[in-house]
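Participant: Dropping the structure in here first, questions after.
Protein chains: 2
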Amino acid sequence: MRSSDLSRLERLDAIAALLKDDAALTANGLAERLGVSLRTISRDLALLRDRGVPVEADRGRGGGLRLPRQWGVGRLSLTYREAVELLVSLAIAEQLPSPWLIANLAAIRRKLVASFAPSLKDKIAGLRSRILIGGSASAAVLESFSPLGPEISEALLTGFLEQRRVRLFYRDVAGRLTEREVEPQWLLLNTPVWYVMGWDHKRQAVRSFRCDRILEAHLTDVPFTLRPAREFDEAIADIRAIRP
Amino acid sequence: MRSSDLSRLERLDAIAALLKDDAALTANGLAERLGVSLRTISRDLALLRDRGVPVEADRGRGGGLRLPRQWGVGRLSLTYREAVELLVSLAIAEQLPSPWLIANLAAIRRKLVASFAPSLKDKIAGLRSRILIGGSASAAVLESFSPLGPEISEALLTGFLEQRRVRLFYRDVAGRLTEREVEPQWLLLNTPVWYVMGWDHKRQAVRSFRCDRILEAHLTDVPFTLRPAREFDEAIADIRAIRP
DNA sequence: AATAATACGCCATTTAATGGCATGTTTCTT
DNA sequence: AAGAAACATGCCATTAAATGGCGTATTATT
């Protein structure tokens, strides 16, 4: 069963893939399967080890090759958007009051951040601290809750991530319709309701917006810089106080 | 500024890394920087594209090479344990009632699962559905809550993931100390309290355990198989009913 | 129209990969 | 204790791939 000819790069990938299927494999078996000599497999293994794949070999009769159990996972390619969503999820999970199964999340987050382009790193590094997870929403809030449209969440999230101003059409508590120009600086979740907090340019003040009361959201090209956290203390406290 | 000689593999990595630093780069610049000819760079770019890296090129004066913004993220290598913790985090985030910024988590989860060895996939695929996120714990529960030791959570989590029986020393509601032999089949979070549900071999019945009342947990080598979900309906309802 | 960039085909040359063989080492079986 | 089955590594002739140089085509800007 010889596979069609593979370039060296492809063969390395193939070997790693075969080793992940923790069937008992010998170097000889690999050689036959990939249609190359034992010597070549041997060199490929050395190369894989050089490149950080922890191939383990049991010598002697009955031996063979394997990857350690810990190494179940190969390389994961994520798009920018997927990585960001992952970061948001991690932020949520990390802020749960009871992190027992997720002791190493910080390490994962570091790896994720490290894989971003340097120009994005700065923006992304502080992201986690600007997402707050509160408690559950009050019954009154729950009653009036409605899910968000994808365009709105897209615009808000992008504005939040890339620090760009967003133009909102908002229905406020009293039911009045207003247009705002907002820097989305913080996100807060009182399950299931998300809030955006930021500098409101029309009002020249920190304001918070219940996301499901936003009727339209349009991303602009105007960048903004982060304001000091303490400016938001009051707004955060306000939202949290909505709870019964 | 010529880097020390690189093998082709290394050069491909280097090019991808340089492109991630979205500095304006031309093929000629890369050639000088890496000490190879323009023709070689050109071929390397073709190779990268073959391997799925979406290198974009602007032709003409002022042009150059770049990766699209979306592509911030290269390849992420996670250990088995990290991947599992990531899956758990995803499960938690996905079960939040308001998933607006995390619409694509399912795609990420699929990629993650796909990167596992086939033999592990089965176990891991069903993992998410066996983690339940409830609401917040009641005041009464909160009062008696204490955080878990790392050894206990390690044993419980491993037992849950690898489907192996766990021996518990448990202080029950009445304060009695008992020893149990449990198959940890479900996890349930009423923030911040985790519960393990599973088949109790001493009692021959489904039982649930508040994790912070577990005094000791020892992993055994005895494997178990999953029981049908409906057997746990009652126990799940019970725990959820603890809330006020 | 000139220029600066990528894209790609061709070919001689250089370098790296390969196979074969020999040798050493570890571990299990008999 | 001997033998067999596995990995590890060195050496060398052979083969295949990568490289550089050149030419040409294409695209976008000035």
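Keeping their order, the protein sequence lines are chains A and B.
For our numbering, add 554 to where a residue sits in the first sequence, where the first one is 1.
For our numbering, add 554 to where a residue sits in the second sequence, where the first one is 1.
Every residue, glycine too, gets a C-beta built ideally from N, C-alpha and C.
1. Do Arg684(B) and Leu741(B) count as a contact pair if the criterion is CB distance below 9 Å?
2. Need the endpoints of the beta strand (DSSP E) that Asp754(A) sits in, please.
3. In three-state terms, what does DSSP make of Ala783(A)?
4. Quick one: give me the first and last residue of the alpha helix (DSSP H) that Ser669(A) is part of.
5. At 7 Å on the CB atoms, spell out the chain A contacts of Glu543(B), in chain order.
6. If we define contact as Cβ-Cβ less than 9 Å, is Gly618(A) a contact residue for chain B?
7. Give a yes or no on whether 9 Å exceeds the smallest Cβ distance from Ile646(B) to chain A.
8. If I measure Cβ to Cβ from Asp792(B) and keep anything under 6 Å in the same chain, skipping five residues before and after, which residues do I get?
9. Which word fits Glu639(B), buried or exposed, when buried means at least 16 other C-beta atoms lie within 10 angstroms of its C-beta?
10. Are the CB atoms of Pro746(A) and Gly713(A) within a distance shorter than 9 Å?
11. Helix, strand or coil: which one does DSSP assign to Gly688(B)?
12. Counting C-beta neighbours from all protein chains within 10 Å, is the total for Ala660(A) 16 or more, i.e. buried, or is it exposed?
13. Going by other Cβ atoms of all chains shown within 10 Å of its Cβ, with 16 needed for buried, is Glu733(A) buried or exposed?
14. Ignoring anything shorter than 4 residues, give me the alpha helix (DSSP H) runs that lie fully in the segment 571 to 615 of chain A, in order along the chain.
15. Quick check: Leu584(B) and Leu572(B), are their CB atoms within less than 9 Å of each other?
16. Is any beta-carbon of chain A found at less than 9 Å from that of Lys665(B)?
17. Alpha carbon to alpha carbon, how far is Leu711(A) from Gly703(A)? Give it in angstroms, no decimals.
18. Grouping DSSP H, G and I as helix and E and B as strand, with all else coil, what is Arg757(A)?
19. May I ask which residues mark the beginning and end of the alpha helix (DSSP H) holding Pro704(A)?
20. If the criterion is Cβ atoms closer than 9 Å, does the pair Glu716(B) and Lys677(B) meet it?
21. Are the beta-carbon atoms belonging to Val642(A) and Leu621(A) less than 9 Å from one another?
22. Quick one: using the 10 Å Cβ neighbour count with 16 as the cut-off for buried, is Leu619(B) buried or exposed?
23. Taking only three categories from DSSP, how would you classify Ala791(B)?
24. Pull up the distance between the alpha-carbon of Arg603(B) and that of Asp612(B), whole angstroms please.
25. Give the interface partners of Leu686(B) over in chain A, defined as CB-CB distance under 9 Å, in chain order.
26. Using a Cβ-Cβ cut-off of 9 Å, state whether Leu563(B) counts as contacting chain A.
27. Which of the three DSSP states is assigned to Arg565(A) in this structure?
28. Counting along the chain, where does the beta strand (DSSP E) carrying Ala769(B) start and finish?
29. To the nearest angstrom, how far is the alpha carbon of Ala819(B) from that of Thr779(B)?
30. Using beta-carbon positions only, say whether Ala578(A) and Leu599(A) come within less than 9 Å of one another.
31. Please list the partners that Glu636(A) has in chain B, where partner means a Cβ-to-Cβ separation under 7 Å.
32. So with Cβ pairs under 9 Å, would you call Gly606(B) a contact of chain A?
33. I'd like to know whether the C-beta of Ser596(A) is nearer than 9 Å to at least one C-beta of chain B.
34. From this set, Ser700(A), Arg664(A), Lys665(A) and Gln649(A), which residue's C-alpha is nearest Ile768(A)'s C-alpha?
35. Is there a C-beta anywhere in chain B that falls below 9 Å from the one on Glu639(A)?
36. Within 10 angstroms of the Cβ of Val727(A), are there 16 or more other Cβ atoms? Answer buried if so, exposed if not.
Facilitator: Put simply:
1. Sequence index remark: in the second sequence, residue 741(B) carries index 187 (1-based). Sequence index remark: in the second sequence, residue 684(B) carries index 130 (1-based). Cβ atoms of Leu741(B) and Arg684(B): closer than 9 Å.
2. As a position in the first sequence, residue 754(A) is number 200, starting the count at 1. Its beta strand (DSSP E) spans residues Val747 to Asp754.
3. Mapped onto the first sequence, residue 783(A) falls at position 229. Secondary structure of Ala783(A) (DSSP, three-state): coil.
4. One-based indexing of the first sequence puts residue 669(A) at position 115. Neither: Ser669(A) is in no alpha helix (DSSP H) and is coded neither H nor E.
5. Outside the displayed range of chain B (555 to 798) lies residue 543(B), so it cannot be described from this structure.
6. Here residue 618(A) refers to the residue found at position 64 when the first sequence is read from its first residue. Cβ-Cβ to chain B under 9 Å: no for Gly618(A).
7. As a working mapping, residue 646(B) is identified with position 92 in the second sequence. Yes, Ile646(B) lies at the interface with chain A (some Cβ there is under 9 Å from its Cβ).
8. Taking the first residue of the second sequence as position 1, residue 792(B) is located at position 238. There are no such residues.
9. The sequence position of residue 639(B) within the second sequence is 85, counting from 1. It is buried - the Cβ of Glu639(B) has at least 16 other Cβ atoms within 10 Å.
10. Against the first sequence, residue 713(A) aligns to sequence position 159. Against the first sequence, residue 746(A) aligns to sequence position 192. No, the Cβ-Cβ distance between Gly713(A) and Pro746(A) is not below 9 Å.
11. In the second sequence, counting from the first residue as 1, residue 688(B) sits at position 134. Looking at Gly688(B) - three-state DSSP - the assignment turns out to be strand.
12. As a position in the first sequence, residue 660(A) is number 106, starting the count at 1. Answer is exposed; the Cβ neighbour count stays below 16.
13. Numbered from 1 along the first sequence, position 179 holds the residue referred to as residue 733(A). With fewer than 16 Cβ atoms within 10 Å of its Cβ, Glu733(A) is classed as exposed.
14. 581 to 588 and 592 to 604
15. Here residue 584(B) corresponds to residue number 30 of the second sequence, with the count starting at 1. Here residue 572(B) corresponds to residue number 18 of the second sequence, with the count starting at 1. Going by beta carbons, Leu584(B) and Leu572(B) fall inside the 9 Å limit.
16. As a first step, residue 665(B) is located in the second sequence; it is residue number 111 there, counting from the start. True, the Cβ-Cβ gap to chain A drops below 9 Å.
17. Stepping through the first sequence from its first residue, residue 703(A) is reached at position 149. Stepping through the first sequence from its first residue, residue 711(A) is reached at position 157. When rounded, the distance between both Cα atoms is 12 Å.
18. If you number the first sequence from 1, residue 757(A) lands on position 203. It is coil, neither helix nor strand.
19. In the first sequence, residue 704(A) corresponds to position 150, counting from 1. From DSSP, the alpha helix (DSSP H) with Pro704(A) extends over Pro704 to Glu716.
20. Taking the first residue of the second sequence as 1, we reach residue 716(B) at position 162. Taking the first residue of the second sequence as 1, we reach residue 677(B) at position 123. It is a contact, given that the beta carbons lie within the stated cut-off.
21. As a first step, residue 642(A) is located in the first sequence; it is residue number 88 there, counting from the start. As a first step, residue 621(A) is located in the first sequence; it is residue number 67 there, counting from the start. In this structure, Leu621(A) does not lie closer than 9 Å to Val642(A) by Cβ.
22. For this step, residue 619(B) is matched to residue 65 along the second sequence. Buried is the label assigned to Leu619(B), since at least 16 other Cβ atoms lie within 10 Å of its Cβ.
23. On the second sequence, residue 791(B) is found 237 positions in, with the first residue counted as 1. Helix.
24. For the purposes of this step, residue 603(B) is taken as residue 49 along the second sequence, with counting starting at 1. For the purposes of this step, residue 612(B) is taken as residue 58 along the second sequence, with counting starting at 1. Going from the Cα of Arg603(B) to the Cα of Asp612(B) covers about 15 Å.
25. Reading the second sequence from its first residue, position 132 is the one you call residue 686(B). Those do not exist, as Leu686(B) stays about 14 Å from chain A at its closest Cβ, beyond 9 Å.
26. If you number the second sequence from 1, residue 563(B) lands on position 9. Chain A, which has a Cβ nearer than 9 Å to the Cβ of Leu563(B), makes this yes.
27. Numbered from 1 along the first sequence, position 11 holds the residue referred to as residue 565(A). Looking at Arg565(A) - three-state DSSP - the assignment turns out to be helix.
28. Residue numbering aside, residue 769(B) sits at position 215 when the second sequence is read from its first letter. Note on identity: in this sequence residue 769(B) is Leu, with Ala being the wrong assignment. Start and end: Ile768 to Pro777.
29. In the structure displayed, chain B extends from 555 to 798; residue 819(B) sits before or after that span and is not available.
30. Position 24 of the first sequence, counted from the start, is the residue given in the question as residue 578(A). Position 45 of the first sequence, counted from the start, is the residue given in the question as residue 599(A). Taking 9 Å as the Cβ cut-off, Ala578(A) and Leu599(A) do not qualify as a contacting pair.
31. For the purposes of this step, residue 636(A) is identified with residue 82 of the first sequence, where counting begins at 1. Listed along chain B are Asn658, Ala661 and Ile662, each with a C-beta nearer than 7 Å to that of Glu636(A).
32. Numbered from 1 along the second sequence, position 52 holds the residue referred to as residue 606(B). With 9 Å as the cut-off, Gly606(B) counts as an interface residue toward chain A.
33. The residue given as residue 596(A) occupies position 42 in the first sequence. No - not a single Cβ of chain B is within 9 Å of the one on Ser596(A).
34. Within the first sequence, numbered from 1, the residue matching residue 768(A) stands at position 214. When only C-alpha atoms are compared, the closest one is Ser700(A).
35. Sequence index remark: in the first sequence, residue 639(A) carries index 85 (1-based). Judged by the 9 Å Cβ criterion, Glu639(A) is in contact with chain B.
36. Translated into positions along the first sequence, residue 727(A) becomes position 173. Counting Cβ neighbours within 10 Å, Val727(A) comes out exposed, since fewer than 16 surround it.
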